[in-house]
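Trainee:
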Amino acid sequence: MSKQILIMAGDGIGPEIVAEAIKVLDVAKTRFNLDITTDEALVGGAAYDVHGDPLPEESLDKARAADAILFGAIGGPKWDQIERDKRPERGLLRLRSSLGLFANLRPAILFPQLASASTLKPEVVSGLDILIVRELTGGIYFGQPRGIREENGERVGFNTDVYSESEIRRIGKVAFELAMARGKRLCSVDKANVLEVTELWKEVINELAKDYPEVEVSHMYVDNAAMQLVRAPKQFDVLVTGNLFGDILSDEAAMLTGSIGMLPSASLDQDRKGMYEPCHGSAPDIAGKGMANPLATILSLAMLLRYSLERGDVADAIEAAVEAVLEQGLRTADIFADGCRKVSTAEMGDAVAAALRG
Ligand code: NAD
Ligand code: IPM
Ligand code: MN
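Counting from 1, one number per residue, gives the positions in the sequence shown under UniProt numbering.
1) Spatial neighbours of Y141 within its chain, please: CB distance less than 6 Å, with the 5 preceding and 5 following residues excluded, ordered by chain position.
2) Is it true that the CB of N293 sits closer than 8 Å to the CB of M262?
3) Note the first and the last residue of the continuous beta strand (DSSP E) segment covering V156.
4) Where are the alpha helix (DSSP H) runs, 4 residues long or more, that stay fully inside the segment 206 to 261, in chain order?
5) Since I believe Y276 is in contact with F71 (beta carbons under 8 Å), could you give me their beta-carbon distance rounded to a whole number of angstroms?
6) Measure the alpha-carbon distance for D350 versus S59 and round it to whole angstroms.
7) Determine, using beta-carbon pairs with one atom in the segment 98 to 116 and one in the segment 78 to 89, whether at least three such pairs fall under 8 Å.
8) Would you kindly check if the distance between the Cβ of L128 and the Cβ of T257 is under 8 Å?
9) Only counting the same chain, and skipping five residues up and downstream in sequence, which positions put a Cβ closer than 6 Å to that of I168?
10) Any idea what DSSP makes of Q113, helix, strand or coil?
11) Bridge partners for V133 per DSSP, in chain order?
12) Three or more C-beta pairs under 8 Å: does that hold for the segment 150 to 158 against the segment 105 to 118?
13) In this structure, what does DSSP give as the bridge partners for L6?
14) Evaluate the contact criterion for the segment 284 to 300 versus the segment 320 to 338: three or more CB pairs, one atom per stretch, below 8 Å.
15) Rounded to whole angstroms, what's the CA-CA distance from I132 to G139? Just pull it up for me.
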C-alpha cells in the first residue's frame, strides 16, 4: 500500500536541508522499490507570510492524513516581534500537540570519522551512542497559566511546569521499552530536590521500574546531568526527561557528535506515527549560503523509514551511506577538519544520494 510523507520545509535553512533529504528519499524509492508519495505543506514563518498563521488548517489536515512528516526547521528574526500566538515556534508546538507527538527520540551517535570534530577530546566521545527521550507535549512548554502581566507597576512573566502521572507514565514506558532494546540502562533526569513536578516524575519512573526489572534505573539532577554529559557522556545509555530539560540537554549532546547539524529526531505518538526533524533550528546566520549540514535531516529521514514505515533495512542503508560519505572525507563547514574536503549543503546531499545508489 502506498505511504504518504508530508514535507514541511519551514524557514531559514529548512528548505535547503529538506531538499537534500528528498534527493536521498528519491534514490531510496528506486533502490528499494518503495511505494511512497510526497506532498508539501507550509509551516512556520513561511505559512504566516501567506496565511497569517504559522500552522494553517490546511497544513494541519495534511499532517493528520500523512503516514509520516519530514520537517525542516522554523523561525527567524523576521518573525520574532509579531504577536506571540502567530510566531513560527507556536506553529511547531501546535503541530506536536495536535498530533499527540509526546515522545521525542534524540539519538546522539558519534560517527567514528567525526571523533575529532567534537570540541571534546576524542577519547571522551569515541563510540558514543546515547538516546535522549524527551517528553514533548507537556511540561512548562504547555502548562497554564502562562503570560506576562502587570503587577505593582511592573511586568511579571510566568509559566507553569506541570505533568500528570499519566503523562509521565506514557513517556516513561517508551523510555523503558527503548532501554530494553539496547543497553538496558535508563537515567531519569529531574530537579526533584527543588521542583515538585519532577519529584512526582521521579516517583512515577520508580513505580514503572518494577515492570522492567532488567533495566538498571538511575536518577540524576539536571544540573549534574549537564555536567556529566560533557565530563563522561558514555556513562549514559538512555536518558529520559521532561520537555525543557530535554530541549537543553539534547543541544548539549549534539556537540558530542561533532555538530548540532548531526542530530536527528523522531517525535512519535502512541501508534508510532510521527514527525521527523533535525534537532537544530533554522540557523538564520547561515541561511541561503549553502553552508548548512543536511545530515541531521537525512538521518531523520532514516528514522522515519525505521519507525513509521517499518523499513529498518532502508534506514540502515541511508545511515551507511552517510558513514561512507564521511569516510570519503566530505565535510560541511560545521564538521570540517584538516585533510578533509569542504562541501556545500547540496554537494553533501548529492554525495549521500550517490553512496546510497551504490
Ligand atoms: P539554531 O539551531 O538555528 O542555530 C544555532 C547555531 O547552530 C547557529 O550558529 C547555526 O548556524 C548553527 N547550526 C544550526 N543548524 C546547523 C546546520 N544544519 N548546519 C550547520 N550549522 C548549523 O538555533 P538558534 O540560532 O537559537 O535559533 C534560530 C531560530 O530557529 C529561532 O527562530 C528558533 O526559535 C528556531 N528554532 C527552531 C527549531 C525547530 O524548527 N525545530 C529548533 C531550534 C530553534
Ligand atoms: C527544538 C526547538 C523547539 C523546542 C522550539 C523551536 C519551539 O528548540 O525542536 O528543539 O524548544 O522544542
Ligand atoms: Mn531545541
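Cβ coordinates follow ideal geometry from the N, Cα and C atoms, glycine included.
Mentor: Put simply:
1) N243
2) yes
3) E154 to F158
4) 222 to 231 and 243 to 254
5) 7 Å
6) 29 Å
7) no
8) yes
9) W201 and V204
10) helix
11) L105 and V240
12) no
13) D39 and I69
14) yes
15) 16 Å
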